[in-house]
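A short write-up of the structure that comes next.
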Amino acid sequence: MMRVLQAMAGAQFGGAETYFVDLVSALHRAGLDQKVVIRGNRARAQALRRAGIEPAQIRFGGIIDCLSGPRLRRIIAAYKPDIVQSWMHRATRFVSRPPEAADFVHVGWFGGYYRVDDYRSCDHLVGVTADIRCHQVRQGWPQDRAHYIPTFAHTKTVPPVPRESLGTPKDAPLFLALGRLHSSKAFDVLIRATAQVPGAHLWIAGDGPLRRPLARLVAGLGLAARVKLLGWREDREALLAAADYCVLPSRFEPFGTVMIEAWAQNVPLIAAAAAGPRGLIKDGRNGLLVAIDDAEALARAMGRLARDPGLCARLVAEARTGFDAAYTEAAVVSRVLDFYRGLLG
C-alpha cells in the first residue's frame, strides 16, 4: 500500500493550514496510509484527531532550529514513506533523506507564487492553480515535474449562525468575508465599500495583525452596528449559510479557497480581480469581478447584488455547475490519488 508523509509547518491560522487539515482528512477517509507531521498547534492537532489521524508535532522553528530537522528525519526513517509532501517552504527545508528511507518522492506544495529556488530539494511541485504551475515553469522548473491540482470545499448543509447572536437584523443584506486580517486581504477597502451601501451589514471572520486598525476604521466610519469583526472561526459553512453574499476583496490572492467555499454553499460571490479570482470567475456569469483597491466599484457591485435577486440566482447556478465538475471533495481526492500513483509508476 502507498505510504505518504504530509508535513505542514504553517502559521497558527490561515487558509493553507485549514485546507491542509481538510485534504489529509479526506485522504484518510479515502483509505490512504499517511503519517502527518505538523508544527505544534493544539487546535490543528485536535481537528486531525477528530478525523482519526494522530499527528506528530515538532517545532519547525526558524533558522537556528537545529532539532526539528533530525526529528523529522527520524520520523521519515521509521515510517519509510513512498512520498513526502511538504506544504510550503518552511516544512520543505526540514525534509532530508535518511539512508534507510532515501528513495521517497519529494513533492512541494505551492499555495501561492513562491520562489522555486526554495524547493530545489523536491522532485515534483504541485500548485493550486494553473497559473501557479506556469509560474513554477517560468522560474526554470521542468514542465513535466510541475503539476496543478485545485483545492476543494465541503458541500455539507449546516444550520446558519443565528444573525441575532451577532446583532444583525434578519432582513438586512448580509455580506461575509473570510481570511487573515492582513493588508493583502484588503478588508479596509471592503469596510469603506460597506459604508457606501445603505443598510448593508458585514461580517469579517478572521484574525491577524490588522485587527486593531480595522476595528478603529469601523468605529471611525460609524459602522459599529453594521460591521462585525468575528475573529478566527472554524464554522465557515455556518457563516456562509447565514450570509446573503460573499466578498473576496484581496489585493493579492493566488487562489482564494473562499471562492469555492461560497460556490459550494450557493452564495453569490464578488471578488477583486487578483490573480486567483481572475482565473476562476467569469464576470457576470459565476460571480462579479471588480478592480483591486476600488471601494466605489466594490460598493456598486454589492448594491447590484442586493437589488437583483435574479442576477444572484444566475450567478449561483453557473458557479455550482463549475464547482460540481472540478472542486468537490471526491473530484479533488481522486486527482490527488491519481497524481500520487503516477509518481510511483
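Under the numbering used here, the first residue of the sequence shown is numbered 98, with each subsequent residue one higher.
Every residue gets a Cβ at the ideal spot worked out from N, C-alpha and C, and that includes glycine.
For residue i, which three-state DSSP category applies?
i, result
"Tyr-176", "helix"
"Ala-104", "strand"
"Tyr-216", "helix"
"Ala-312", "helix"
"Ile-135", "strand"
"Leu-307", "coil"
"Ser-183", "strand"
"Val-223", "strand"
"Ile-451", "With the chain represented from 98 up to 442, any question about residue 451 goes unanswered, as that position is not in the structure."
"Gly-166", "helix"
"Phe-249", "coil"
"His-279", "coil"
"Ala-416", "helix"
"Ala-199", "coil"
"Val-192", "coil"
"Gln-240", "helix"
"Gln-408", "Note on identity: in this sequence residue 408 is Leu, with Gln being the wrong assignment. Helix, per DSSP."
"Leu-318", "coil"
"Ile-229", "helix"
"Tyr-116", "helix"
Using the DSSP secondary-structure output, state which residues sit across from residue i in a beta bridge.
i, result
"Phe-272", "Leu-299, Tyr-342"
"Asp-130", "Arg-100"
Taking the continuous alpha helix (DSSP H) assigned at residue i, which residues delimit it?
i, result
"Phe-436", "426–440"
"Ala-144", "139–147"
"Leu-261", "The displayed chain sequence assigns Glu, not Leu, to residue 261. Here Glu-261 belongs to no alpha helix (DSSP H), and DSSP marks it neither H nor E."
"Phe-110", "It is not in any alpha helix (DSSP H) - Phe-110 carries neither H nor E in the DSSP assignment."
"Ala-290", "284–292"
Following the continuous beta strand (DSSP E) through residue i, name the residue where it begins and the one where it ends.
i, result
"Tyr-245", "243–245"
"Phe-207", "202–207"
Could you check whether the Cβ of residue i sits closer than 9 angstroms to any Cβ belonging to chain B?
i, result
"Arg-411", "Judged by its chain identifiers, the structure shown contains no chain B, having just a single protein chain."
Confirm the yes/no value for this check: CB of residue i, any heavy atom of the ligand FMN, distance under 8 angstroms.
i, result
"Ala-388", "Ligands are entirely absent from the displayed structure, and the ligand FMN is therefore not among its contents."
Discussion item. Using a Cβ distance threshold of 8 angstroms, determine whether the segment 330–349 contacts the segment 371–388, with at least three qualifying pairs required.
Written reply: Yes: the two stretches touch, three or more of their Cβ pairs being nearer than 8 angstroms.
Fill in: Any alpha helix (DSSP H) of 4 or more consecutive residues that is wholly inside the segment 320–395
Segments of the alpha helix (DSSP H) lying fully in the segment 320–395: 333–339, 354–361, 372–377.
Worksheet item: Contact between the segment 245–264 and the segment 274–289: three or more CB pairs below 8 angstroms?
Response: The way I'd put it, the segment 245–264 doesn't touch the segment 274–289; fewer than three beta-carbon pairs between them come closer than 8 angstroms.
Worksheet item: Using 8 angstroms as the threshold, is the segment 383–393 in touch with the segment 402–419, meaning 3 or more CB pairs across them?
Response: Between the segment 383–393 and the segment 402–419 there are three or more inter-stretch CB-CB distances shorter than 8 angstroms, so the stretches are counted as touching.
Item to complete: State whether the segment 168–188 contacts the segment 317–324, with contact taken as three or more CB pairs (one from each stretch) at a distance under 8 angstroms.
Response: Because the criterion of three Cβ pairs below 8 angstroms is not met, the segment 168–188 and the segment 317–324 do not touch.
Worksheet item: Using 8 angstroms as the Cβ pair cut-off and three pairs as the minimum, do the segment 329–339 and the segment 218–226 touch?
Response: They do not touch, by the three-pair rule.
Discussion item. For the structure I just gave you, are there three or more beta carbon pairs, one from the segment 139–151 and one from the segment 159–171, closer than 8 angstroms?
Written reply: No: fewer than three Cβ pairs fall under 8 angstroms.
Worksheet item: Quick one: any contact between the segment 268–276 and the segment 299–309, if contact means 3 or more CB pairs under 8 angstroms?
Response: The answer is yes - the segment 299–309 touches the segment 268–276, with three or more Cβ pairs under 8 angstroms.
Worksheet item: Do the segment 390–406 and the segment 358–368 meet, that is, are 3 or more Cβ pairs less than 8 angstroms apart?
Response: Yes: the two stretches touch, three or more of their Cβ pairs being nearer than 8 angstroms.
Worksheet item: Taking contact to mean at least 3 C-beta pairs separated by less than 8 angstroms, is the segment 188–204 in contact with the segment 397–413?
Response: Between the segment 188–204 and the segment 397–413, the count of Cβ pairs shorter than 8 angstroms is below three; the stretches do not touch.
Discussion item. Count Cβ pairs between the segment 203–213 and the segment 222–238 that sit closer than 8 angstroms; are there 3 or more?
Written reply: Yes: at least three Cβ pairs fall under 8 angstroms.
Worksheet entry | Given 8 angstroms, three or more beta-carbon pairs between the segment 422–440 and the segment 120–133 | Taking a cut-off of 8 angstroms for Cβ pairs, the segment 422–440 and the segment 120–133 touch, as three or more such pairs fall below it.
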